[in-house]
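Engineer: Using my numbering, the first residue of the sequence shown is number 1, and each one after it goes up by one.
Beta carbons are placed, not taken as given, at the ideal position from N, Cα and C, and that holds for glycine.
Since the model is a prediction, treat every value here as computed from it, not as a measurement.
First, the structure itself, so that you have it in front of you.
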Amino acid sequence: MTMFKWIPDSKSNPSGGATQDNGSNQIVSDWLWLYWAITAPLTFAILVLWFWWYKRTDKRYKEKQEHELDEEAKME
1 MTMFKWIPDS KSNPSGGATQ DNGSNQIVSD WLWLYWAITA PLTFAILVLW FWWYKRTDKR
61 YKEKQEHELD EEAKME
């Protein structure tokens with residue numbers, strides 16, 4: 001099953017598009033909404049997780065740098 005109907009039905013209308021029993025020129029699957037229902041929340045979740053990871057890593061890096069600067073100051 002594909003999202004797009006690339007091969008038209010044997011019944012063709014004059015404009016060359018595929019026709020359904022109800023007379024519509026449907027080219028995209030009825031299941032296209034499922035693609036958006038899955039990809040939109042998943043993309044949002046990945047962006048949130050990346051932002052959280054980035055902030056956590058940045059905080060740890062800054063703490064490490066501060067600790068190293070303190071150690072160097074003590075050695076002098």
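Using only the alpha-carbon positions, how far apart do threonine 43 and tyrosine 61 sit?
Structural biologist: Those two C-alpha atoms are separated by around 27 Å.
Engineer: If you follow the alpha helix (DSSP H) that glutamine 6 is part of, which residue opens it and which one closes it?
Structural biologist: Looking at the sequence shown, residue 6 is not glutamine but tryptophan. Looking at the DSSP string, tryptophan 6 is not in any alpha helix (DSSP H), and its letter there is neither H nor E.
Engineer: State the start and end residues of the unbroken alpha helix (DSSP H) segment that holds aspartate 79.
Structural biologist: Residue 79 falls outside the range modelled here, since the chain spans only 1 to 76, and no answer is possible.
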